[in-house]
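Here the structure comes first, spelled out in structure tokens, and everything after it is commentary.
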Amino acid sequence: MLTQDRLWSEAVILEAGENRVLRVQSTRDAFLCLKNHWPIADGDAKRNAFAACERVIDGDDEPDVARAAFIKAAEEAQFSVHSWTG
Amino acid sequence: MAGHEDKMVRVRDVMSRQVFTVSPTDTAQSVARLMAETGVGAVPVETPGVGTILGIVTDRDIVTSVVARGLSSSTAVFEFMTVAAESCEEDDSLLLAAQKMHDLRIRRLVVVNGKRHAAGIVALADISRVNPELGGLVLEGINRPAPVDTQLEGMSTC
Chain G
1 MLTQDRLWSE AVILEAGENR VLRVQSTRDA FLCLKNHWPI ADGDAKRNAF AACERVIDGD
61 DEPDVARAAF IKAAEEAQFS VHSWTG
Chain W
1 MAGHEDKMVR VRDVMSRQVF TVSPTDTAQS VARLMAETGV GAVPVETPGV GTILGIVTDR
61 DIVTSVVARG LSSSTAVFEF MTVAAESCEE DDSLLLAAQK MHDLRIRRLV VVNGKRHAAG
121 IVALADISRV NPELGGLVLE GINRPAPVDT QLEGMSTC
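Here's what the structure looks like:
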């Protein structure tokens, strides 16, 4: 699955504290952030974002669907989210 | 460099077929996350939507060209990748791939198909696995002293 990726129309920048910034602009990278670098173990939005990333990587949905779900998950995890298009 | 039986071994016989590619606009941190997850130390850079291989990024590139220079982890891949990665083809002999690694002092070659899409990666470790002697010769070549590029004034090449 990780051999495939689908780019987003715009990056999402997440901040946690003063020293941590995650810049994410593709579906595979979002999946890896959720899997390995996420501050909360579980959550509705996180599960939805995982599912959206898998659908997009499999070609069953559009990349920005994963992006929107990822932003919801970031808000759930209390990241400060920076994005032009929300 | 190798025995007769090794001439029949082809790159396709030893290469890794699972290739994780990245886009030129991906960032150093996203490539690092991919490397951490997959355990690979080099990823080909491809044109998004086209698949043509443009270059390669290694873990060493991230350390020496981004971290050591104090650049942001958001630095785009195209700013520090090696452009026009050295490549070979699946049908090339292992000896040819080994010779290329030896001459260019590199440990990996991107294996490309006829459209210059990534078909795999062949590493020195793959060669050493099937032919330790050949792998050792390549390693010796990689570690040999670098040639002096700048010619001393008054000296000729012959």
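So the sequence lines, in the order shown, correspond to chains G and W.
Residue numbering for the first sequence follows my numbering, beginning at 1 and increasing consecutively.
Residue numbering for the second sequence follows my numbering, beginning at 1 and increasing consecutively.
Just so it is clear, CB atoms sit at the ideal spot from N, CA and C, and this is done for glycine as well.
Bridge partners - residue i, DSSP secondary structure assignment
i	result
L7 (chain G)	G:S26
C88 (chain W)	W:V111
H82 (chain G)	G:I13
I121 (chain W)	W:S16 and W:V110
T21 (chain W)	Answer is none; T21 (chain W) lacks a bridge partner.
R20 (chain G)	G:A16
8 Å contact criterion, which residue i and residue j should meet: CB distance rounded
i	j	result
R108 (chain W)	A32 (chain W)	About 18 Å; that fails the 8 Å criterion.
S16 (chain W)	G120 (chain W)	6 Å
F79 (chain G)	L14 (chain G)	4 Å
S30 (chain W)	S83 (chain G)	Rounded, the Cβ-Cβ distance is 16 Å, inconsistent with contact.
A85 (chain W)	I53 (chain W)	6 Å
R10 (chain W)	D126 (chain W)	Going by Cβ atoms, the distance from R10 (chain W) to D126 (chain W) rounds to 12 Å, so no, they are not a contact pair.
T38 (chain W)	L2 (chain G)	6 Å
F20 (chain W)	V40 (chain W)	6 Å
V112 (chain W)	E79 (chain W)	That pair is no contact at about 23 Å.
V66 (chain W)	A28 (chain W)	5 Å
V22 (chain W)	V57 (chain W)	7 Å
Short CB-CB distance (under 8 Å) between residue i and chain G
i	result
F20 (chain W)	yes
Q99 (chain W)	no
S156 (chain W)	Caution is warranted here: a pLDDT of 39 is assigned to S156 (chain W), below 50, making its placement in the model unreliable, and the coordinate value is therefore given only provisionally. So, not an interface residue.
G3 (chain W)	Note that G3 (chain W) scores 49 on pLDDT, short of 50, meaning its location in the model is unreliable; the coordinates nonetheless yield the value given after this. No - not a single Cβ of chain G is within 8 Å of the one on G3 (chain W).
R177 (chain W)	Since the first and last residues shown for chain W are 1 and 158, residue 177 (chain W) lies out of range.
V57 (chain W)	no
P48 (chain W)	yes
E37 (chain W)	yes
S30 (chain W)	yes
T27 (chain W)	yes
S23 (chain W)	yes
S65 (chain W)	no
A68 (chain W)	no
Contact with chain W by residue i, beta-carbon distance below 8 Å
i	result
S9 (chain G)	no
N36 (chain G)	yes
T27 (chain G)	no
L2 (chain G)	yes
R20 (chain G)	no
R23 (chain G)	yes
C33 (chain G)	yes
V81 (chain G)	no
Endpoints, alpha helix (DSSP H) assigned at residue i
i	result
R67 (chain G)	P63 to E76
V56 (chain G)	D44 to I57
I142 (chain W)	P132 to N143
Go through the region 33-111 of chain W residue by residue and report every complete run of the beta strand (DSSP E) that reaches 3 residues or more, in order. 42-46, 53-58 and 87-89
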